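Residue numbers (the numbering used here): 863 to 973. Idealized CB from N, CA, C, for every residue including glycine. Since this is a predicted model, take the numbers as computed values, not measurements. One structure is given below, encoded as structure tokens.
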């Protein structure tokens, strides 16, 4: 008989996953196309970054959005810099943007 498996509550597991994501993905670059933009009353932008095969939720908080040189819009190709976070209440992870710039597909952008 093998070792006993640990049992997690949902809160315990999402908390541990949030910690792992926060350690590993603190300052990353992600390129993709913006889709499903929603501007909240708070001034935060919520949208999806997608490519041919996958999609990732993203948030651009009001203080970051103030410094963007464009307003996030559907269909815009971007290079986003930020960190991956997990929202425990919904069990979803997303990219919290620190910077974001428009880009032509394949074009190099430096931060």
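Terminal residues of the beta strand (DSSP E) in which residue i lies
| i | result |
| --- | --- |
| residue 944 | 939 to 949 |
Assigned secondary structure, residue i (DSSP; H/G/I helix, E/B strand, else coil)
| i | result |
| --- | --- |
| residue 957 | strand |
| residue 963 | strand |
Element boundaries [alpha helix (DSSP H), containing residue i]
| i | result |
| --- | --- |
| residue 874 | 872 to 886 |
| residue 924 | 924 to 927 |
Residue from the options whose Cα sits closest to the Cα of residue i
| i | options | result |
| --- | --- | --- |
| residue 941 | 901, 929, 959 | 959 |
| residue 909 | 935, 887, 945, 964 | 935 |
| residue 887 | 939, 865, 956, 931 | 956 |
| residue 947 | 872, 878, 870, 864 | 878 |
| residue 920 | 872, 945, 951 | 945 |
| residue 928 | 962, 881, 869 | 962 |
| residue 964 | 952, 930, 953, 881 | 930 |
| residue 899 | 876, 923, 881 | 923 |
Whole beta strand (DSSP E) elements within the stretch 888 to 922, 3-residue minimum: Whole beta strand (DSSP E) segments, 3+ residues: 890 to 901, 907 to 912, 917 to 922.
The stretch 894 to 911 touching the stretch 922 to 937, judged by at least three CB pairs closer than 8 Å: The answer is yes - the stretch 922 to 937 touches the stretch 894 to 911, with three or more Cβ pairs under 8 Å.
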